[in-house]
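So for the first sequence, the working numbering puts the first residue at -6; every next one is plus one.
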Amino acid sequence: MPENSALQKININKFQKDLVSWYEAEKRDLPWRHERDPYKIWVSEIMLQQTRVDTVIPYFNRFMEQFPTVESLAGADEEAVMKAWEGLGYYSRVRNLQSAVKEVAESYGGVVPADKDEFLSLKGVGPYTGGAVLSIAYGLPEPAVDGNVMRVMSRILTIWDDIAKPSARKIFEQAVRKIMYEEDPSSFNQALMELGATICTPTSPACLLCPVQNHCQAFEEGIQRELPVKTKKKSDKKIRMGAVVLEAPDGTVLIEKRPSSGLLANLWQFPNMELPTGINPRSALEAYVEAEYGLNACIQPEKATDIIHIFSHLTWEIDVYIGTIDAKTEKERTKFVSKEDLETYAFSVSHQKIWQHVKGMDK
DNA sequence: AAGGCGGGGGA
DNA sequence: TCCCCAGCCTT
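Pasting the structure below:
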């Protein structure tokens, strides 16, 4: 909680008016801003978690064409839903979303609950998403504290808590509650986020264009660049991977579905392994294919390409090989698919790149 | 409280 | 390079 003095310096009524009138005049035209359907607002908020607006827009439009209602998503084929999310990242979001939507269909008669406890109990709905949907779709005066809001509020009120710590969120939620514009919580919450996204940016905020400059205590003291306080995360790990595209005599290719939990859960991939140091990747892969799939692989000696893939917490360096197998034995999570069908499966981006490269070699 | 979980764009 | 993005879940 900011000290009382910080909050008391704010003329709350004027702050609300300056912020919301700026928002009404300047807000970006975004697809979900044409919608009132709580389901559609909800989907947009899930997609927007840790994901930029420009990235989300085409995914949102396609998703709404494919799954326009609670019922359509609740009844949709899981593979089709994963394919619609392919490339967007954080795939547990869509698994949880479909699970939650099914619960809405079954337990709430298909109506997204407007009750805070009920909505927050759904899978994948946390404090931010809960506040966002309840305020935007139902007009409830709940805070929706994301990274933008913490940055904006830390500057307005000079809040020095470390926003990297989970405990900080409650500080900002309480601050937002105290200045909440009860007449229009939807516009107020979205205005705080819009300000953070377009004016009150992390580095070099555009304070001279800011509609609430007069209310900003960091600007008054000239310390807007020192806020918010955020500790750095540790550097990431590097992992060397070997992957192989194996073709059967009939021209089909072996793919495998990843485990149902963990990194890139339920996405499809080519056979791959973490490479032990000091061992020939080709022979390591042949032994792996034999042990894992019971298949006798003949892998070309030269690697086809290598791919660097950077996640937020680790890096894969993938050596890619191609080869052939003489038999087709499918196991529980493997499939042999034709080259035309392959692109109907949802792959991680790194393995999409593997296929793009191998496909191009055929010419 | 800390770490896993994707991918891309901007400084 | 590093940061950060309309965060949530598990441990």
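Backbone N, C-alpha and C define an ideal beta-carbon position, used for all residues, glycine too.
Does the Cβ-Cβ distance between residue i and residue j come in under 8 Å?
{"i": "residue 234", "j": "residue 310", "result": "yes"}
{"i": "residue 266", "j": "residue 278", "result": "yes"}
{"i": "residue 146", "j": "residue 165", "result": "yes"}
{"i": "residue 297", "j": "residue 314", "result": "yes"}
{"i": "residue 74", "j": "residue 103", "result": "no"}
{"i": "residue 307", "j": "residue 229", "result": "yes"}
{"i": "residue 205", "j": "residue 355", "result": "no"}
{"i": "residue 374", "j": "residue 84", "result": "A query on residue 374 cannot be resolved here, the shown segment of the chain reaching from -6 to 356 and no further."}
{"i": "residue 252", "j": "residue 156", "result": "no"}
{"i": "residue 172", "j": "residue 3", "result": "yes"}
{"i": "residue 105", "j": "residue 178", "result": "no"}
{"i": "residue 337", "j": "residue 286", "result": "no"}
Residue i to residue j, Cα distance in whole Å?
{"i": "residue 432", "j": "residue 135", "result": "Only positions -6 to 356 of the chain appear in the structure, and residue 432 is not among them; the question remains open."}
{"i": "residue 349", "j": "residue 96", "result": "38 Å"}
{"i": "residue 369", "j": "residue 216", "result": "The structure shown does not extend to residue 369, since the chain is modelled only from -6 through 356, so no value can be given for it."}
{"i": "residue 117", "j": "residue 101", "result": "17 Å"}
{"i": "residue 51", "j": "residue 271", "result": "44 Å"}
{"i": "residue 20", "j": "residue 45", "result": "16 Å"}
{"i": "residue 43", "j": "residue 25", "result": "17 Å"}
{"i": "residue 132", "j": "residue 323", "result": "52 Å"}
For residue i, is the beta carbon positioned less than 7 Å from some heavy atom of the ligand PLP?
{"i": "residue 61", "result": "Of ligands this structure carries none, so the ligand PLP is not represented either."}
According to DSSP, residue i sits in a beta bridge with which residue or residues?
{"i": "residue 312", "result": "235 and 299"}
{"i": "residue 307", "result": "230"}
{"i": "residue 292", "result": "316"}
{"i": "residue 342", "result": "DSSP lists no partner for residue 342."}
{"i": "residue 112", "result": "Paired residue(s): none; residue 112 is not in a bridge."}
{"i": "residue 329", "result": "247"}
Among the residues of its own chain, which have a CB less than 8 Å from the CB of residue i, if the five just before and after it don't count?
{"i": "residue 6", "result": "none"}
{"i": "residue 203", "result": "188, 192, 193, 209 and 212"}
{"i": "residue 237", "result": "263, 264, 265, 278, 282, 290, 292, 313, 314, 315 and 316"}
Please list, in chain order, all residues of the same chain as residue i whose beta carbon is under 6 Å from its beta carbon, the five residues on each side excluded.
{"i": "residue 120", "result": "none"}
{"i": "residue 139", "result": "121"}
{"i": "residue 341", "result": "257 and 260"}
Sorted by chain position, which residues of the same chain lie with C-beta nearer than 7 Å to residue i's C-beta, five sequence neighbours on each side aside?
{"i": "residue 300", "result": "311, 313, 343, 346 and 347"}
| message | Quick check on the DSSP output: what are the complete alpha helix (DSSP H) runs of length 4 or more inside the stretch 30 to 110, in order along the chain? | response | Entirely contained in the stretch 30 to 110, the alpha helix (DSSP H) runs reaching 4 residues are, in chain order, 31 to 40, 46 to 59, 63 to 67, 71 to 78 and 85 to 100.
| Can you list the beta strand (DSSP E) stretches of 3 or more residues lying completely in the stretch 181 to 262, in chain order? | List check, beta strand (DSSP E) in window: 230 to 240 and 246 to 250.
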